[in-house]
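Notes follow the structure.
The following block contains the structure:
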């Protein structure tokens, strides 16, 4: 057995309801590690150590990352399945369209009701002594967990210029933000990373609120307020790089957030940075993360919507086309990582692996389908999973299947480099590698897969219109949203009349047709 383990950093991209796929992937990853740990010491079982040391994510990926930190000690609670598949029922349009959030005076806070997330988060991040187990050996004792945030107020920095203006300072506002936690028994923090212990409740409320903040899809779900200790801002080098000074009268920093994916939807470069620092601390050597004979860590990126090459830009520059491609450009730029881009373009990198949806159609050609089209939650821009539990169940099972295939055949080290590697060579010393050899290449598994192979579920196709039963709720929600608009007198009366006679019905009908068309084109409705 090696003195130093091989470190894994898990990065999870934004996914909306396709978080069900990500949850399936991570649940199977932990299951595979559990099985290996249970068989450790038996004849024919590899002896090297692999540790999950860093978890980072954005939006639904960030929520699943925090859920992972909660699940490692409470595997029997089945948190991944409850949070992403069962939720509050089969069709989640009911809770999302419920008007209980529109009772307060003033303009509505979001187009959909986000209250359902509160109960799910309370269940996921609560402590239950009946389900609590010791932290597994494959989890780093000081596991770091973080999520990206979009800080609406932002951090203001004064920049001085030589100018003839009376006001010498120019203000720059930075809106990227991170909620950073580290597993800890006591209330000790380092470099701004907040200690988290769900068993004792240490910072559990902040942890829960941060999980919901990163998933607050702009306008669709309500923005979230997050209250953190001041040190979590001032001492965190990712946030405070230029001497940011906060209000010294307050021991906490309070801010309002929307979806973390707006700022950084795939924070794998942050995960890699932590891994490199960890390896340097342990081995006193720079981490050669892209060298198969020397790498001591790697990043696993789980992305239900892997990027594809954009369609050719249209010759007709209409306002709609420009708006569409402006949004696309912004989203792609948010994913871009200018600093490491030259490095990540190379092929066969040891420092980065990707798990993304792949399924095979039940046709004569066994057609291979990838990306958003492979998952049932991929329709309606990722919101289709909220319409049917069958969609979420399929994607959860597909995530498990894809992770199984990934661990067996792709998360491997080439046989040509095995003997030279300081960790894996010792782990496989005297072991028959045949059961752990990839069927796709001449390579051997980094995490030995023990047990039967996973299989995906049949593609879910509904024989009814799942939106039809919700049309009344849609119309009621639209009416309530309209009524919350702060108009007075004749304008208010006119809006009410037009809504009752025409507008609400029209919007409801258009919404119904759009959603049904999306589901049909995705092959989810007959």
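In my numbering, the protein residues as written are -16 to 509.
Positions of the beta carbon are idealized from the N, C-alpha and C atoms, including for glycine.
Computed from a predicted structure; not experimentally measured.
Check: Could you spell out where the alpha helix (DSSP H) holding residue 253 opens and where it closes?; Outcome: 251 to 266
Check: Restricting to Cα atoms, I'd like to know which of 359, 340 and 360 is closest to residue 351.; Outcome: 340
Check: Report the rounded CA-to-CA distance for residue 503 versus residue 428, giving the unit in angstroms.; Outcome: 40 Å
Check: Roughly how many angstroms separate the alpha carbons of residue 434 and residue 21, rounded to a whole number?; Outcome: 12 Å
Check: On a Cα-Cα basis, can you pick out the residue from 210, 253 and 36 that is closest to residue 233?; Outcome: 210
Check: Helix, strand or coil: how does DSSP classify residue 172 here?; Outcome: coil
Check: Return yes when the C-beta of residue 19 is under 7 Å from any heavy atom of the ligand NAP, and no when it is not.; Outcome: The ligand content of the structure shown is nil, which means the ligand NAP is not present either.
Check: Mind checking which residues open and close the beta strand (DSSP E) that includes residue 351?; Outcome: 351 to 353
Check: With burial defined as no fewer than 16 other Cβ atoms inside 10 Å of the residue's Cβ, what is the status of residue 249: buried or exposed?; Outcome: buried
Check: On the three-pair Cβ rule with 8 Å, is the segment 407 to 425 touching the segment 345 to 365?; Outcome: no
Check: According to DSSP, is residue 110 helix, strand or coil?; Outcome: coil
Check: Can residue 129 and residue 161 be called in contact, C-beta distance under 8 Å?; Outcome: yes
Check: When we look at the beta-carbon of residue 325 and count the other beta-carbons within 10 Å, is it buried (16 or more) or exposed?; Outcome: With a pLDDT of 42 at residue 325, under the threshold of 50, the modelled position of this residue cannot be trusted; read the value that follows with caution. It is exposed - the Cβ of residue 325 has fewer than 16 other Cβ atoms within 10 Å.
Check: Express the C-alpha separation of residue 368 and residue 8 in angstroms, rounding to a whole number.; Outcome: 16 Å
Check: Which whole-angstrom value is the C-beta distance of residue 195 and residue 186, which I expect to be below 8 Å?; Outcome: Actually they do not touch by this definition, with Cβ atoms about 15 Å apart.
Check: Going by other Cβ atoms of all chains shown within 10 Å of its Cβ, with 16 needed for buried, is residue 342 buried or exposed?; Outcome: buried
Check: Is residue 453 buried or exposed, if buried means 16 or more other CB atoms sit within 10 Å of its CB?; Outcome: buried
Check: What are the start and end residues of the alpha helix (DSSP H) that includes residue 8?; Outcome: 2 to 22
Check: Taking CB distances under 8 Å as the criterion, tell me whether residue 285 reaches chain C.; Outcome: Of the protein chains in this structure there is only one, and it is not chain C.
Check: Under a Cβ-count criterion, where at least 16 other Cβ atoms within 10 Å of its own Cβ denotes burial, should residue 78 be classed as buried or exposed?; Outcome: buried
Check: Just to confirm my understanding: we take residue 224, look at its own chain, exclude 5 residues before and 5 after, and list those with CB closer than 6 Å. What are they?; Outcome: none
Check: Under a three-way DSSP split, which group does residue 360 fall into?; Outcome: helix
Check: Straight-line CA distance for residue -6 to residue 251?; Outcome: 6 Å
Check: Taking the alpha-carbon positions, what's the residue 321 to residue 247 distance?; Outcome: Its pLDDT being 49, under 50, residue 321 is placed unreliably in this model, and the value from its coordinates should be taken loosely. So the two alpha carbons sit approximately 12 Å from each other.
Check: So the candidates are 462, -8, 467 and 501; which of them puts its Cα closest to the Cα of residue 489?; Outcome: 462
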